Amino acid sequence: MIIDGKVVSSLIKENVKKEVETIKAKYNKTPSLAVVLVGENPASLVYVSNKEKACEKAGIKSIMVKMDESSSEEEVVLKVRELAQDENVNAILVQLPLPGHINKDNVLKEIPFNKDADGLTHENVARLSLNEESIVPCTPMGVVDLLKYYNIPIDGANVAILGRSILVGKPLQMLLTNLNSTVTLCHSKTKNLNEITKKADIVVAAIGSPKFLKADMVKEGAVVVDVGINRLESGIVGDADFDELINKCSYITPVPGGCGLMTVAELLNNTIKCFYSQNK
Ligand SMILES: NC(=O)c1ccc[n+]([C@@H]2O[C@H](COP(=O)([O-])OP(=O)(O)OC[C@H]3O[C@@H](n4cnc5c(N)ncnc54)[C@H](OP(=O)(O)O)[C@@H]3O)[C@@H](O)[C@H]2O)c1
């Protein structure tokens, strides 16, 4: 069965829209998200424009901050600090990757934890690992919401995650562990990867390698969640070989049409969370 990211992300976006209306009526305020984009990375330009459109549709105020590729680290830090202090800004997202001469950690440090739309600050990472209330990174939250929507058992499931980035693999490991899965977090140095993936009830691929996960790497009836977005001349493909896997899996996410749509929806959700944590 194909997991339909469009259906699930639309539901989340509808809920956000309703929440925005409630906020406007109750607080006479419009929740806002500031997106900081440094440089002209083509993929980032597409992502940022998608986020802007999604905000507009949901009634969230989108504040685009575009900075030159040549901006210094200090300039970017000062800009984020300014947004952090601005009462009219509820949530901040710094589009990654930043140009090579800027240390992203020094920039992210400036985001207060309750304005951290991407859930990447030290405080939110710590809270997630402690299983406390936190802002969770959008893509892994989207993976969990997809699994929940399709009633795929998470409690007690054996999960193999391929990829240990701070944006996807690591936070997803924490989220699923908090939900009682037994998670094996794999990476490029993992030995006998096939043995791990073949035992898993759920395999999540987030490595950035086109069609890497093949049918002979998963067990019959496994659930495959494909986070990968790889731009090839022939179009966008995921990290899983969908055509091979579709007949072996019980559930699989397509690319496009799966996790990517969820990421934007979760970002809107996080903006609402940020608003409420500033307006109790
Ligand atoms: N759907 C969405 O909205 C969304 C959001 C974010 C990212 N993505 C996509 O997801 C993919 C991963 O993104 P990312 O930012 O997490 O990537 P990343 O920071 O480049 O990390 C890739 C991870 O994959 C591991 N890896 C690479 N080759 C491997 C292999 N052959 N076997 C096992 N592990 C391997 C790496 O291991 P090491 O740590 O050992 O190097 C690393 O941990 C990309 O295609 C990206 O475009 C999609």
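Quick note: the sequence shown uses our numbering, first residue 212, plus one each step. Ideal Cβ positions, reconstructed from N, Cα and C, are used throughout, including at glycine. Keep in mind that this is a model prediction, so the values were computed, not measured.
Chain-order list of residues whose beta-carbon lies under 8 angstroms from that of lysine 228 (same chain, five-residue window excluded)
Here the question's residue 228 lines up with position 17 in the sequence shown. Correct list, in chain order: Lys268, Ala269, Gly270.
Going by DSSP in three states, leucine 341 sits in which element: helix, strand or coil?
Within the sequence shown, the letter at position 130 stands for residue 341. Note: leucine 341 maps to coil in three-state DSSP.
Spatial neighbours of asparagine 261 in its chain, beta-carbon cut-off 7 angstroms, leaving aside the 5 residues before and after:
Position 50 of the sequence shown, counted from the start, is the residue given in the question as residue 261. Taken in chain order, the residues that qualify are Val475.
Presumed contact (8 angstroms Cβ cut-off) between asparagine 481 and isoleucine 346, rounded CB distance
Residue mapping note: residue 481 aligns to position 270 of the sequence shown, counting from 1. Residue mapping note: residue 346 aligns to position 135 of the sequence shown, counting from 1. Asparagine 481 to isoleucine 346, Cβ: 5 angstroms. Contact.
Pairwise C-alpha distance: valine 287 and serine 273
Reading the sequence shown from its first residue, position 62 is the one you call residue 273. Reading the sequence shown from its first residue, position 76 is the one you call residue 287. If you take the alpha carbons of serine 273 and valine 287, they lie about 19 angstroms apart.
Using 8 angstroms for Cβ pairs, my map puts asparagine 369 next to aspartate 412. What's the rounded Cβ distance?
Within the sequence shown, residue 369 is the residue found at index 158, counting from 1. Within the sequence shown, residue 412 is the residue found at index 201, counting from 1. Contact between asparagine 369 and aspartate 412 holds: CB atoms are separated by about 5 angstroms, below the 8 angstroms threshold.
Any heavy atom of ligand 1 closer than 7 angstroms to the beta-carbon of valine 347?
If you number the sequence shown from 1, residue 347 lands on position 136. The answer is no for valine 347.
Cβ-based neighbour list, glycine 367, same chain, cut-off 8 angstroms, excluding 5 preceding and 5 following:
The residue given as residue 367 occupies position 156 in the sequence shown. Closer than 8 angstroms at the Cβ level, and outside the excluded window around glycine 367, lie Asn391, Ser392, Thr393.
Under 8 angstroms between C-beta atoms of asparagine 301 and leucine 248:
Position 90 of the sequence shown holds residue 301. Position 37 of the sequence shown holds residue 248. Not a contact, by the Cβ cut-off of 8 angstroms.
Glycine 380 vs alanine 417 beta-carbon contact at 8 angstroms
The residue given as residue 380 occupies position 169 in the sequence shown. The residue given as residue 417 occupies position 206 in the sequence shown. In this structure, alanine 417 lies closer than 8 angstroms to glycine 380 by Cβ.
According to DSSP, is threonine 185 part of a helix, a strand, or is it coil?
The displayed coordinates of the chain run from 212 to 491. Any statement about residue 185 would go beyond what the structure contains.
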